[in-house]
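Input: a single structure, listed below in structure tokens.
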Amino acid sequence: MNNFFLFKDALNTATLGDFENGIKSLNDVVAKRNTQTDNLIRYEDFWMQSCVHGVFYELPLSLNNEYKGLIVKLFNSFSPIAFDIPNGGDFDILYNNDCNGFKGFDFTPTAIHQSRQITDLVSFNQFKLNCANQVAYNSIQNYWDNRNILFPNLIFCERVFEQIRHLSVNDDRFGLIDQKLKRLNSFTGTWQHGNYDYANLGLDNSPDTPTRISKTLALRTFNCPGIGDRVFSLHIKWYFGGEPFRLYYFPNDANRKVYVGYIGPKDDIGF
């Protein structure tokens, strides 16, 4: 679980305009949260607390119209708790074994470590990635459960977990798979327009020939989340102990994501 505490000392800004910009940025973050894993919390008496611009419950009256309702909606999206959390140490005691961060507008005057500061989507995504990395490599199950955070530009088709679940995270075969996925994810993040430039992926990869595709059409058709069945041709190639491995992937123009359909030994794919 990721816990995010609304930190009043990080809501001080030089001007009300900066405060409004902070509301917008933080609202973008809240809109992108995963309601299953991201827990938003605030002190139950938060509205009675104050920042340099006044008591929080009075602030809507000082803001431009578009922010009057937004500030109430934003701050009320944080669930009230009985404790005002002053620092990271106390946060970790209250929420042991979780990943704990602070949300605000400006942490400059605070002692909160930079790695725990969330002010916008960039810092939010980086925080979640850091948290995922702390637990994902403990087991294959954790790795799979955190795949969307580790690889935001990749979407894994339905059978992939069955293909890797037998591996240990300490297995060199898993290490090579992880390397390929990281490179594939990173390169896909640069895909902004045009066709997927697989030749510059930086890995040994190529499409299958049309003749081979037509002869093995059923075997290379994989069901993928949101887009259904797709025929896979592009594949990354590598060897482990002399055994050939393959990672079949499908670049989808509609959402600029790459779908992963198969990971494993070449001989096990069936074609």
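Remember, the numbering used here sits 4 above the position in the sequence shown when you count from 1. The beta-carbon is built from N, C-alpha and C at its ideal position, and this holds for glycine as well. Remember, predicted model here, so these are calculated numbers, not experimental data.
Bridge pairing for Cys161: absent [DSSP]. Taking a cut-off of 8 angstroms on C-beta distances, the region 78-94 touches the region 44-64, as three or more cross pairs fall below it. Between Asn146 and Asn189, the gap from beta carbon to beta carbon reaches 7 angstroms or more.
Partner residues in a beta bridge of Asn91, as assigned by DSSP, do not exist.
DSSP places Asp149 within a helical segment (H, G or I) once states are collapsed to three. Arg216 is the residue among Ile231, Gln53 and Arg216 whose C-alpha sits nearest the C-alpha of Leu238.
A residue is called buried once 16 or more other Cβ atoms fall within 10 Å of its Cβ, and Ala18, having fewer, is exposed.
Leu65 counts as exposed, since fewer than 16 other C-beta atoms from the protein chains shown sit within 10 angstroms of its C-beta. The criterion of a C-beta distance shorter than 7 angstroms is not satisfied by Leu180 and Phe191. Counted as a single uninterrupted DSSP element, the beta strand (DSSP E) harbouring Glu247 occupies residues Glu247 to Asn256. Proximity of the region 12-28 to the region 57-74 meets the contact definition, three or more beta-carbon pairs being nearer than 8 angstroms. Closest in alpha carbon position to Leu223, among Asn25, Gly246, Arg163 and Gln130, is Arg163. Boundaries of the alpha helix (DSSP H) around Tyr71: Asn69 to Asn80. Taking C-beta separations shorter than 8 angstroms and ignoring five residues to either side along the sequence, the partners of Arg187 in its chain run Leu205, Gly206 and Leu207, following chain order.
Rounded to whole angstroms, the separation of the alpha carbons of Phe9 and Tyr141 is 26 angstroms.
Annotation: Arg37 is outside any alpha helix (DSSP H) and is labelled neither H nor E by DSSP.
For Trp242, the three-state secondary structure derived from DSSP is strand. Between Gly73 and the set Lys28, Asn43 and Asp175, the nearest pair of CA atoms involves Lys28.
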